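Undergrad: If you scroll down you'll find the structure; I have some questions about it.
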Amino acid sequence: MTRDFTLRSYERLLSSLLENGYRFLTFEEYLEKGLEGKQVILRHDVDDLPENSHRTAIIEHQLGIKGVYYFRIVRQSNHPNVIRDIAALGHEIGYHYEDLALARGDMQKAIKKFEDNLNYFREYYLVKTICMHGSPRSRWDNRKVWEKYNYRDFGISGEPYLDLDFNKFAYLTDTGRTWNGALVSVRDKVSSPHQLNFARTDQIIENVKTLPDHLMITVHPQRWNDGLLLWTKELIFQNLKNLIKRIIIRQPAPPTA
0 MTRDFTLRSY
10 ERLLSSLLEN
20 GYRFLTFEEY
30 LEKGLEGKQV
40 ILRHDVDDLP
50 ENSHRTAIIE
60 HQLGIKGVYY
70 FRIVRQSNHP
80 NVIRDIAALG
90 HEIGYHYEDL
100 ALARGDMQKA
110 IKKFEDNLNY
120 FREYYLVKTI
130 CMHGSPRSRW
140 DNRKVWEKYN
150 YRDFGISGEP
160 YLDLDFNKFA
170 YLTDTGRTWN
180 GALVSVRDKV
190 SSPHQLNFAR
200 TDQIIENVKT
210 LPDHLMITVH
220 PQRWNDGLLL
230 WTKELIFQNL
240 KNLIKRIIIR
250 QPAPPTA
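Note that numbering that gives the first Met the number 0 has the sequence shown beginning at 0, numbered continuously upward.
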């Protein structure tokens, strides 16, 4: 069995979708154009190792594909040169917000952090969409801030978890370093009638003709490595994280301030 979660397997996945008539678009483009034929909203959560995101962005550019890259404000994600380079390749840049977790549940502090951080990323790209960071080790769900505030007041047109109809879109995410990681996902999950159960990337490729017409695919580029050292490091680290997540998932959610 060949290694999964390599850049080679990622390119094969994208190519198989293109060959089967799927059109790739950013989340911003989808919000502007709506449903239109076979579509893939290609989302990237840049949680760590932003250089990996640059590599996937180049692969996509070479294939004529655009996607959205959501960057966190923390330094393991926020590398200005990488943000500029990915934007220059034609991809959308968005804010991967975690302000409620960083503010430890304080709503007022969280919304001030959100505004400041959004303005920071707008120095590189006119950010129109945002996406919550799951913050699995935090007690707070970052989306709860929108129970008190409205992101549209900040010129934001959409948030995937809140503005995408998952009755119409199937959701594939590599959370947990697999494609069926619901049991090890704290918050990266949606309610959808489209239940896809793939463990490996090659299983998606083999069944590409049976996929629904409308997909959102979320990748975490730090997981995709050709080099054996980085690939093995990510495999071991993710297995440890999955053990911790199983414990976290059993804990009750806290109230917000």
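Where a beta carbon is used, it is the ideal one built from N, C-alpha and C, also for glycine. Bear in mind that the values here come from a model prediction, so they are computed numbers and not experimental data.
Cutting at 6 Å between CB atoms, please list the residues of its own chain near A56, excluding the five before and the five after it.
TA: Only I85, L88, H90 meet the Cβ criterion.
Undergrad: Going residue by residue through the region 142-221, where are the continuous alpha helix (DSSP H) segments of at least 4 residues, counting only ones entirely within it?
TA: Listed in chain order, they are 159-162, 200-205.
Undergrad: Taking 7 Å as the limit between beta carbons, can you name the residues of its chain near I64, skipping five residues before and five after?
TA: Hits under 7 Å: L13, F23, L41.
Undergrad: Within the same chain, show all residues whose beta-carbon is closer than 8 Å to that of S76, passing over the 5 residues directly before and after it, in chain order.
TA: Closer than 8 Å at the Cβ level, and outside the excluded window around S76, lie V45, D46, D47, P49, F70, H95.
Undergrad: DSSP state of F23, grouped into three classes?
TA: It is a strand residue.
Undergrad: On the CB-based measure, 16 or more other CB atoms within 10 Å of its CB, does P159 come out buried or exposed?
TA: Label assigned to P159: buried.
Undergrad: In angstroms, rounded to a whole number, what distance separates the CA positions of L210 and G36?
TA: Spanning the two alpha carbons is a distance of roughly 13 Å.
Undergrad: Would you list the one or two residues that DSSP bridges to H95?
TA: C130.
Undergrad: Using only the alpha-carbon positions, how far apart do N206 and R2 sit?
TA: Those two C-alpha atoms are separated by around 19 Å.
Undergrad: Quickly, what does DSSP pair D44 with across the bridge? List them, please.
TA: In the DSSP output, where bridge partners are listed per residue, D44 has Y69.
Undergrad: State yes or no: is the C-beta of D152 within less than 8 Å of the C-beta of T217?
TA: No, they are not a contact pair.
Undergrad: Excluding five sequence neighbours on each side, which residues of the same chain lie with their C-beta closer than 7 Å to the C-beta of N149?
TA: Closer than 7 Å at Cβ, skipping near neighbours: no residue.
Undergrad: Is the beta carbon of N166 less than 8 Å from the beta carbon of S191?
TA: Contact: yes.
Undergrad: For the alpha helix (DSSP H) containing A109, name the first residue and the last one.
TA: Run containing A109: 106-120, per the alpha helix (DSSP H) assignment.
Undergrad: Given H219, which residues of its chain have a CB within under 7 Å of its CB, disregarding the five upstream and five downstream residues?
TA: D44, D46, D173.
Undergrad: Could you tell me if T177 is buried or exposed, where buried requires 16 or more neighbouring beta carbons within 10 angstroms of its beta carbon?
TA: That one is buried.
Undergrad: What separation, rounded to the nearest whole angstrom, lies between the Cα atoms of P79 and S52?
TA: The straight-line gap from Cα to Cα measures roughly 13 Å.
Undergrad: Give a yes or no on whether the C-beta atoms belonging to M215 and L161 are separated by under 8 Å.
TA: Contact: no.
Undergrad: What does a CB cutoff of less than 6 Å around I58 pick up in its chain, not counting 5 residues either side in sequence?
TA: Result list for I58: E10, in chain order.
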